[in-house]
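In this note's numbering, the protein residues as written are 11 to 404. All C-beta atoms in this analysis are idealised placements derived from N, C-alpha and C, irrespective of residue type, glycine included.
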């Protein structure tokens with residue numbers, strides 16, 4: 011009667027980590043993964059900065075803090091075990107203005123509360139790490155690293171033993187007392203005992219198809235990147251001091267596993283869930299975003315911040331100005347456009363940006379409703395948590 015025991019919607023790193031955790035925790039569990047694209051990790055997983063985050067930014071006791079710290083160490087071990095390109099580089103968080111110093115000191119305290127080794131630096135010590143970076147003070151976080159999350163995803167898929175169906179966009183979910191039946195756009199029907207929703211940019215839509223009110227909506231924010239023409243200007247990873255009112259980390263410098271240096275991202279509203287540039291507009295998706303009261307609440311509360319981000323999106327000069335706060339030697343000519351990503355940010359009805367991972371259960375279903383950065387870093391412990399909840403429902 012059943013095609014599988016657990017049906018996972020979404021072939022990004024969280025869905026694949028869940029499949030991996032399911033078969034590790036309960037050998038013999040039949041897992042099927044539905045992926046609407048024709049390749050794994052096509053969206054958030056494959057378009058992020060490739061950073062293994064330390065967990066320093068996140069509220070002590072939160073899932074983000076706990077899973078990022080655990081996940082960073084586990085991700086390094088996983089990459090080493092499977093010979094996946096990775097490096098523990100460390101990173102600098104740099105204050106470039108006096109008003110940022112209290113926030114930098116608060117970040118030191120938060121890091122220590124989360125059990126993360128942090129070293130405080132003065133201007134001369136900044137230059138020892140990054141000769142061309144300028145700042146009033148900084149902290150060095152030694153556990154930050156980089157890796158190839160696409161390769162991690164492919165290894166998770168292979169190691170899980172899950173059946174993966176590509177080109178399988180979910181259009182109908184029929185949930186009954188005995189289990190769940192899912193129909194895809196090409197007419198396939200898959201029956202399972204338990205459904206796991208790891209659909210990322212589309213997780214709220216999947217929850218609604220299942221008959222559940224998620225209490226949030228995904229509001230997509232595009233992150234636009236440039237890359238340095240001369241990557242020798244930056245040795246490693248350099249971040250500004252983040253604004254605690256937002257879940258975004260600001261324009262930063264990231265030396266990737268391929269040796270190139272990416273700069274960004276900004277954070278601008280996307281006109282489609284997979285709107286990787288301004289030309290991609292999907293009227294139905296945009297209408298859904300505009301119909302959600304939380305979208306307008308965000309706009310009213312944070313219009314000044316949003317205006318700055320939009321300015322950096324449409325003006326390379328403005329983007330370069332933001333970069334020059336950290337790296338004064340950079341000019342517009344030093345930057346060339348790179349691929350953008352889209353962040354699936356859960357927003358509540360009142361405009362609250364959900365600042366932690368959000369996992370909810372319903373009848374025969376587990377929904378992952380907020381898993382933006384640092385979800386790739388934290389994917390192994392997230393997968394175990396979701397798998398544990400799914401196995402209880404079997």
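Those residues which DSSP pairs with residue 351 across a bridge: Looking at the DSSP assignment, residue 351 forms a beta bridge with 233.
Chain-order list of residues whose beta-carbon lies under 7 Å from that of residue 404 (same chain, five-residue window excluded): The answer, listed in chain order, is 15, 203, 204.
Residue closest to residue 400, alpha-carbon to alpha-carbon, out of 391, 72, 377: The candidate whose alpha carbon is nearest that of residue 400 is 377.
Sub-8 Å separation of residue 247 and residue 61 beta-carbons: Yes, the pair counts as a contact, with Cβ atoms nearer than the cut-off.
6 Å CB neighbourhood of residue 56 in its chain, flanking five on each side removed: Correct list, in chain order: 160.
Secondary structure of residue 11, DSSP reduced to three states: The DSSP-derived three-state label of residue 11 is coil.
Selected residue, minimal CA-CA separation from residue 147, among 138, 111, 95: Between residue 147 and the set 138, 111, 95, the nearest pair of CA atoms involves 111.
Contacting residues, own chain, Cβ-Cβ under 6 Å from residue 283 (five flanking each side not counted): Taken in chain order, the residues that qualify are 211, 230, 295.
Residue burial classification, residue 67 (beta-carbon count within 10 angstroms, cutoff 16): Per the 10 Å Cβ criterion, buried.
For residue 220, the nearest candidate out of 226, 207, 232, 228 (CA to CA): Comparing C-alpha distances from residue 220 to each of 226, 207, 232, 228 shows the shortest one belongs to 207.
Span of the beta strand (DSSP E), counted from its first residue to its last, around residue 147: 147 to 151 is the extent of the beta strand (DSSP E) around residue 147.
Residues near residue 360 by beta carbon distance below 8 Å, same chain, minus five either side: Contacts found: 303, 304, 307.
Stretch-stretch touch, CB-based, cutoff 8 Å, three pairs: the stretch 32 to 50 with the stretch 175 to 194: Yes, since at least three Cβ pairs between the stretch 32 to 50 and the stretch 175 to 194 fall closer than 8 Å, the two stretches touch.
Ordered list of beta strand (DSSP E) runs contained in the stretch 162 to 242, each at least 3 residues: Qualifying beta strand (DSSP E) stretches, in chain order: 173 to 176, 180 to 186, 189 to 194, 199 to 207, 226 to 238.
Spatially closest choice to residue 253 from 20, 25, 103, 64, by CA coordinates: That would be 103, whose Cα lies nearest to the Cα of residue 253.
Residue from 70, 286, 389 whose Cα sits closest to the Cα of residue 86: When only C-alpha atoms are compared, the closest one is 389.
Collapsed DSSP secondary structure at residue 136 in the structure displayed: DSSP places residue 136 in the helix class (H, G or I) of the three-state scheme.
Three-state secondary structure assigned by DSSP to residue 320: The answer is helix: DSSP assigns residue 320 an H, G or I state.
Pair within 8 Å by beta-carbon distance, residue 237 and residue 346: In this structure, residue 237 places its C-beta atom within 8 Å of the C-beta atom of residue 346.
Nearest-angstrom Cβ-Cβ length linking residue 316 and residue 232, presumed shorter than 8 Å: Contact flag wrong, Cβ pair sits at about 12 Å.
Straight-line gap, residue 341 to residue 332 (C-alpha atoms, nearest Å): Whole-angstrom Cα-Cα distance: 11 Å.
Exposure of residue 242, with buried meaning 16 or more beta-carbon neighbours within 10 Å: Result: exposed.
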